[in-house]
Every structure is written in C-alpha cells, then in structure tokens.
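A.B. asks: Would you mind keeping the following structure in view while I ask a few things?
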Amino acid sequence: MSKPRESLHFSCCFCGKDMPNAKKLPVDFAIVCLTCRIELLRLKRKQETAA
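The sequence shown begins at 25 in the numbering used here and counts up by one.
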C-alpha cells in the first residue's frame, strides 16, 4: 500500500512563497500563490482596458 504523497512540496512561480496545498492543483497548472494570482489578474485587466 503506497503512502499518500504528502512529501510533495511546491512554491509560487513568481514570489517563491511556499504552497503546501498546491498538490491539490492539476499538475499542468502553474503554481501561483493567491497574492500573485490577484496581481496577475489586475495586470491583465489593465492591459485589456488599455488596448
């Protein structure tokens, strides 16, 4: 019986903040903490309004 992969450890792609709960995310999903994700969405929105 295999142990749960609790040893998986991720950190945010942008700020490097530890994200121990990132193992719940799909593998191909970029690992980004909530703070950076909000910031990215804000930047994206700003670019869309500027265009």
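Here a beta-carbon is modelled for each residue, glycine too, at the ideal position from N, C-alpha and C.
Please report the residue range of the alpha helix (DSSP H) in which residue 74 lies.
C.D. replies: On the sequence shown, residue 74 is found 50 positions in, with the first residue counted as 1. First-last of the alpha helix (DSSP H) with residue 74: 58-74.
A.B. asks: Are residue 55 and residue 36 close, meaning C-beta to C-beta below 8 angstroms?
C.D. replies: Working through the sequence shown from its first residue, we reach residue 55 at position 31. Working through the sequence shown from its first residue, we reach residue 36 at position 12. Yes, they are a contact pair.
A.B. asks: Thinking residue 57 and residue 41 are a contact (beta carbons under 8 angstroms), I'd like their distance in whole angstroms, please.
C.D. replies: Here residue 57 refers to the residue found at position 33 of the sequence shown. Here residue 41 refers to the residue found at position 17 of the sequence shown. Right, the Cβ-Cβ distance comes to about 5 angstroms (below 8 angstroms), so this counts as a contact.
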